[in-house]
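According to my numbering, the sequence shown is numbered sequentially starting from 345.
Here is the structure we will look at.
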Amino acid sequence: MKTRSAVLHTQPGRYEVTEVDLDGPREGELLVKMAAVGLCHTDDHDVPPGSAPPLRLPLAGGHEGAGVVVGVGPHTPGWAEGDHVVLSFVAVCGRCRMCSTGRQNLCDLGARLFTGARIEDPSSFRMSYQGRPVGQAYGLAALSEHTVVDARSAVKIDPDLPLDKAALVACGVPTGWGSVTKMSDAQSGDVVIVMGVGGIGINSVQAARAIGARAVIAVDPVEFKRETAKQLGATHTAETMAEATELARSMTNGQGADAAVVAVGVVTGDHIAEAVASIRKAGTVVLTGTGSMRQAGGIPINGTMFTVFQKRLQGALFGGCNPRWDVPNLLAQYVAGTLKLDELITRTYSLEQVAEGFDDMKAGRNIRGVVLFD
């Protein structure tokens with residue numbers, strides 16, 4: 345079939361709406377009619393040169409999405425047309441060591457998703473344009489009217505849930521939420537700093553509020569984002585980490601925050617160093633945001649002081665969440681009113697407005713922009 349997709353043809357470049365050819369679903373695959381896709385900074389990392397692994401271009405973008413299954417490949421049990429799904433940029437095999445020990449976000453299949461091809465065959469592509477293979481970002485290409493994905497990259501959800509809100513739990517919400525609840529060791533009564541309160545960090549703010557942190561300090565240079573953070577659980581805001589660090593120390597007899605989450609859009613070593621300086625002895629910095637995968641240099645911290653103060657720097661992919669459990673669980677919290685999703689959507693866009701949406705994201709105008717399909 346033919347479908348329209350937001351495609352990156354050059355690097356650097358901008359996503360362009362392009363009509364591509366899409367294969368039908370094979371065994372173990374689903375044809376999904378997309379309903380909504382969140383615009384995440386991770387997709388924009390593919391645009392500038394040197395910030396991501398070498399890409400197979402053209403590349404169909406998008407990974408934070410939800411839609412309806414309209415086709416099921418042969419011998420694909422457990423799925424039916426009409427199923428509502430949230431896409432998972434981490435495919436889950438359920439059998440590898442990581443999956444078997446409760447760390448589905450680190451499933452061994454994840455290493456194969458950068459190829460843009462079918463998981464089992466890196467030479468086989470589901471999309472093509474003018475006879476050339478088109479890679480699917482993270483095996484998904486969510487920014488498409490229709491896409492075909494591996495069933496291991498989809499999570500079935502309650503069909504009564506609004507798909508524009510469900511899309512947000514494909515990436516931004518669990519990544520930010522889990523960075524606090526699963527990766528930081530923060531507890532009730534703690535002081536938590538969240539550095540960067542866009543589409544990821546705002547959910548770390550929600551999570552810190554949910555666990556009962558006595559102070560949640562939201563740090564962002566954009567006033568609109570700081571004000572939104574106050575509405576979603578921040579007790580204090582700051583424009584800079586220096587200001588946030590002083591706030592944390594004033595509340596802790598000079599010790600510093602118990603935990604800090606780094607969720608800025610493009611992370612540098614200086615960001616990480618600021619976060620490390622903001623925490624107390626035995627505190628934890630959770631590194632959630634990403635930067636260039638070819639970034640040179642390092643993190644300007646004093647190794648001896650890092651050792652003596654027994655601080656911890658913890659990486660976090662998908663917030664340490666397990667897609668099969670955490671996606672429906674977070675949606676259940678939304679239904680119960682303990683997790684806010686509606687308030688995260690600043691503006692909606694059509695597929696033709698994808699490039700504009702990414703411009704708004706980089707300019708700090710959105711908490712989350714969402715592309716809606718007919």
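Every residue, glycine too, gets a C-beta built ideally from N, C-alpha and C.
As the structure is a computational prediction, the values presented were derived from the model and not from experiment.
Report task. Could you tell me the distance, in whole angstroms, from the CA atom of residue 617 to the CA atom of residue 645? Result -> 6 angstroms
Requested in this report: Determine the direct distance from the alpha carbon of residue 596 to that of residue 393, and round the result to whole angstroms.
Outcome: In this prediction, residue 393 scores a pLDDT of 49, lower than 50, which makes its location untrustworthy; the coordinate-derived value is nonetheless stated afterwards. Their backbone Cα atoms lie some 43 angstroms apart in a straight line.
Query raised in the report: Taking one C-beta from the region 512-520 and one from the region 464-473 each time, how about it: are there three or more such pairs within less than 8 angstroms?
Result: no
Query raised in the report: Any idea which residues DSSP pairs residue 365 with across the strands?
Result: 346 and 472
Report task. Going by DSSP, name the residue or residues bridged to residue 657. Result -> 629
Query raised in the report: When DSSP builds the beta bridges, which residues end up paired with residue 713?
Result: 691
Report task. Assign residue 685 to one of three DSSP states: helix, strand, or coil. Result -> coil
Requested in this report: Compare the C-alpha of residue 741 against each of 604, 401, 513 and 494 and name the closest.
Outcome: Limits of the chain in this structure are 345 at one end and 718 at the other, which puts residue 741 out of reach.
**Report entry** Nearest-angstrom Cα separation, counted from residue 697 out to residue 363
**Finding:** 15 angstroms
Report task. Give the DSSP-derived three-state secondary structure of residue 623 in the structure shown. Result -> strand
**Report entry** Cβ distance (whole Å) where residue 382 is taken to contact residue 543 below 8 angstroms
**Finding:** 7 angstroms
Query raised in the report: Is residue 645 helix, strand or coil by DSSP?
Result: coil
Query raised in the report: Rounded to whole angstroms, how far is the Cβ of residue 535 from the Cβ of residue 549, which I believe are closer than 8 angstroms?
Result: Rounded, the Cβ-Cβ distance is 13 angstroms, inconsistent with contact.
**Report entry** Runs of alpha helix (DSSP H) lying entirely within the region 521-568, each at least 4 residues, in chain order
**Finding:** 545-554
Query raised in the report: Using 8 angstroms as the threshold, is the region 473-488 in touch with the region 398-413, meaning 3 or more CB pairs across them?
Result: yes
Query raised in the report: Along the chain, where does the alpha helix (DSSP H) that runs through residue 680 open and close?
Result: 667-680
**Report entry** C-alpha gap between residue 567 and residue 503, whole angstroms
**Finding:** 37 angstroms
Query raised in the report: Among residues of its own chain, excluding the 5 on either side of residue 606, which ones have a beta-carbon nearer than 8 angstroms to its beta-carbon?
Result: 539, 540, 615, 616, 619, 629, 630, 631, 632 and 633
Query raised in the report: Could you give the residue range of the beta strand (DSSP E) that holds residue 602?
Result: 601-606
Query - Where the alpha helix (DSSP H) containing residue 507 begins and where it ends - result: 507-510
Requested in this report: Grab the span of the beta strand (DSSP E) containing residue 379 for me, first residue to last.
Outcome: 373-382
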